[in-house]
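Colleague: Mind looking over this structure? Questions follow.
2 protein chains.
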Amino acid sequence: MASSSSPSSLFLLLSLISFSGVVSSRQLSIPRKPEPSNAAGTARWLAAQNSWGVLSTISNDLEGAPFGNVVSFSDGLPGQGRGIPYFYLTTLDPTPRDALKDPRVSFAISEAPTGTCGKIDPENPTCSKLTLNGKFKLVEGNSSEAEFARQALFSKHPEMKDWPEDHNFQLFKLDIEHIFLIDWFGGPKPLSPEEYLKYKQNQFSLLSLA
Amino acid sequence: MASSSSPSSLFLLLSLISFSGVVSSRQLSIPRKPEPSNAAGTARWLAAQNSWGVLSTISNDLEGAPFGNVVSFSDGLPGQGRGIPYFYLTTLDPTPRDALKDPRVSFAISEAPTGTCGKIDPENPTCSKLTLNGKFKLVEGNSSEAEFARQALFSKHPEMKDWPEDHNFQLFKLDIEHIFLIDWFGGPKPLSPEEYLKYKQNQFSLLSLA
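Chains as they are written, first to last, in the working numbering: chain A, 11 to 220; chain B, 11 to 220.
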C-alpha cells in the first residue's frame, strides 16, 4: 500500500485508520468532502469524520472565563451520523461540571485531523472548520437516544467501554442552536441548525481507498 | 522509508511533515515527548509540537456564551519556542473581536495531531492535552516581540506571509495566567505559568527520524 500511494493519500489513510472505527478492514471507502457550496453537507461531513474537538464552557473555577477542553465525540455509527455531537464524560473533569451549572457550550472541530487539508494551513479558510454552539444536556441512561449515543461513541472510541466505572462516565449531547462554518473564502457560511440536522449522510459521495 | 517504517512511526513522520517548518530535510530529528512526571516539559513540548488549536472567547454575538474557534499558532522557531502562543488573526474573524472586548481567552491543544498518541483515544489521559487561560493581547507591530512572533508564525505557517493585506492580519498573544494539563491518570498536573515559561526547550531529548 505504502509504495503504491502518494504521501498525501497515505497520510489520509493512516489518519483515518488512527481513528478507531472510522475505517474498518471491511469498509475501505470514506465519504468524499462535499463541495464548499454545500454548507450543510460540509458541516455534517466534518462532524462525521472527526473523532475529537474542543468543548468550551463558562468556567466556574476561573470565575466566568471561557475554558476549552479537548474531548472525544461521535455523531453516530459510520454512515449513520445525525450531526449531534455525543460525549462520554465524567464530572471528575471540570468541563461537564461547568456545563451542568451554565449549559451554554461551544464545540469546535477542524478538517485538519482528517488529513484532507494536506499542507493547507489549518487557519486557511479552505481547510474547513465548524463551531457548534448550544446547550449541554445529559442523555438519560435508559433512553433510546442513550443507546444510539452509546453505540455512536463506543464504535468510534472502542476503549471507552473499558473506562473505569468508578469515574461515573455519563452520556451528554450538544443541543445545537448556532452554527459557525468556514469552508471557503468569504466568511462564515449561513447555516441553520435545521438545515444542518436534516442533511442525510447518504447524500455523501464515497471516495474509495481500496 | 515507507516500507521500512511501522505505520505508527510513518504516521508520526507524515504528520510532522504536514506541519510545514516543523521538520525540514536538514533536520530529521524531533524533541521526544517528556515523561508524564515532567509537567512543564510535557506542556512546553505540546506547545512546541502543535501548529493549531482552539481559541475560546466570551462571545459578543452570542450574548456571553463561550465561542471556540480553530486557529493556527506558534510559540517560536523550531527548538526556540518560549511557550507563549502567538496568533496571526484578522478582526474580520469574531474571535479577536470578542477578545478585544473581553480579553479573557482559553487556548486548547491536544497531543493527537502530533501522531504520538497512536491509537490511544484523544480523551484518554495518556494522550496529553493542554489548556492555557489568560489575557489576549495585541503585539505591537514594530516591537522586538513582534519580530519574534512573526518569525515564529511564518516559519511554522509559511503561507501566512502571503495572506491578503486588506484583511489586516495582526499579531496577538496569550498572556498565560492559568494552566490545565492532563498528561497521565490522576487528574490535572499542578503547573504554574512561571514553571511553564522558565522551562528551556534544550532540555528536550531528541528522537531521530533520520
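Think of the CB as a built atom: it goes at the ideal place given N, C-alpha and C, for glycine as much as any other residue. Nothing here was measured: the structure is a model prediction, and the numbers come from that model.
(1) Rounded to whole angstroms, what is the Cα-Cα separation between threonine 67/A and serine 66/B?
(2) How would you write the range of the alpha helix (DSSP H) that phenylalanine 195/A sits in, first residue to last?
(3) Return helix, strand or coil for glutamine 59/B, following the three-state DSSP convention.
(4) Going by DSSP, what residues sit across from glutamine 180/B in a beta bridge?
(5) Would you please verify whether the beta carbon of glycine 197/B is less than 8 Å from any beta carbon of chain A?
(6) Does valine 80/B come within less than 8 Å of chain A when only Cβ atoms are used?
(7) Does DSSP put arginine 54/B in a helix, a strand or coil?
(8) Are the C-beta atoms of arginine 114/B and some chain A residue less than 8 Å apart?
(9) How is phenylalanine 221/A classed by DSSP in three states: helix, strand or coil?
(10) Along the region 51 to 70 of chain B, what residues have a CB closer than 9 Å to any CB found in chain A?
(11) Assign serine 66/A to one of three DSSP states: helix, strand, or coil.
(12) Just to check, is the beta-carbon of proline 203/B closer than 7 Å to a non-hydrogen atom of the ligand ZN?
(13) Can you say whether lysine 199/A is buried or exposed, counting buried as having 16 or more other CB atoms within 10 angstroms of its CB?
(14) Please classify lysine 210/B as buried or exposed, where buried requires at least 16 other C-beta atoms within 10 Å of its C-beta.
(15) Do you know offhand how far glutamine 161/A's Cα is from glycine 86/A's?
(16) Just tell me which of His167/B, Gly196/B and Gly78/B has its CA closest to the CA of histidine 177/A.
(17) State the DSSP-derived secondary structure class of arginine 225/A, mapped to helix, strand or coil.
(18) Determine, using beta carbons only, whether threonine 100/A and alanine 118/A come nearer to each other than 8 Å.
(19) Any beta carbon of chain B sitting closer than 8 Å to that of lysine 43/A?
(20) Note down, in chain order, each residue of its chain lying with its Cβ closer than 8 Å to the Cβ of glycine 51/B, except the 5 sequence neighbours on either side.
(21) Tell me which residues share the same chain as glutamate 150/A and place their Cβ nearer than 8 Å to its Cβ, disregarding the 5 neighbours each side in the sequence.
(22) Using a Cβ-Cβ cut-off of less than 7 Å, list which residues of the region 130 to 156 of chain B approach chain A; keep chain order.
(23) Just to make sure I have the definition right: I need the residues of chain A whose C-beta is within less than 7 Å of the C-beta of alanine 118/B. Which are they?
(24) For serine 202/A, which residues in the same chain have their Cβ closer than 6 Å to its Cβ, ignoring the five residues on either side in sequence?
(25) Does proline 123/A get closer than 8 Å to chain B when you measure Cβ to Cβ?
(26) At which residues does the beta strand (DSSP E) containing leucine 140/B begin and terminate?
(27) When burial is assigned at 16 or more other CB atoms within 10 Å of the CB, is lysine 111/B buried or exposed?
Modeller: Well, looking at it:
(1) 9 Å
(2) Per DSSP, phenylalanine 195/A belongs to no alpha helix (DSSP H) and is neither H nor E.
(3) helix
(4) Leu99/B
(5) yes
(6) yes
(7) Three-state result, arginine 54/B: helix.
(8) At a cut-off of 8 Å, the C-beta of arginine 114/B has a neighbouring C-beta in chain A.
(9) The question about residue 221/A has no answer, for chain A in this structure spans 11 to 220.
(10) Listed in chain order, the positions of the region 51 to 70 of chain B with a beta carbon within less than 9 Å of a beta carbon of chain A are Ser61, Trp62, Gly63, Val64, Leu65, Ser66, Thr67, Ile68 and Ser69.
(11) strand
(12) Looking at this structure, you won't find the ligand ZN or any other ligand, since it has none at all.
(13) buried
(14) By the neighbour-count rule (16 or more Cβ atoms within 10 Å), lysine 210/B is not buried but exposed.
(15) Across the structure, glutamine 161/A and glycine 86/A are spaced so that their CA atoms are roughly 7 Å apart.
(16) Gly196/B
(17) Given that chain A is displayed from residue 11 to residue 220, the structure contains no residue 225/A and the question cannot be resolved.
(18) no
(19) Not one chain B Cβ lies under 8 Å of lysine 43/A.
(20) Pro44, Glu45, Tyr209, Gln213 and Phe214
(21) Ala156
(22) Residues are counted here when their Cβ sits less than 7 Å from a Cβ of chain A; for the region 130 to 156 of chain B these are Asp131, Pro132, Glu133, Asn134, Lys139, Thr141 and Asn143, given in chain order.
(23) Val64, Gly78, Asn79 and Val80
(24) Cβ neighbours of serine 202/A beyond the five flanking positions: none.
(25) Contact with chain B is found for proline 123/A, since one of that chain's Cβ atoms lies less than 8 Å from the residue's Cβ.
(26) Run containing leucine 140/B: 139 to 148, per the beta strand (DSSP E) assignment.
(27) exposed
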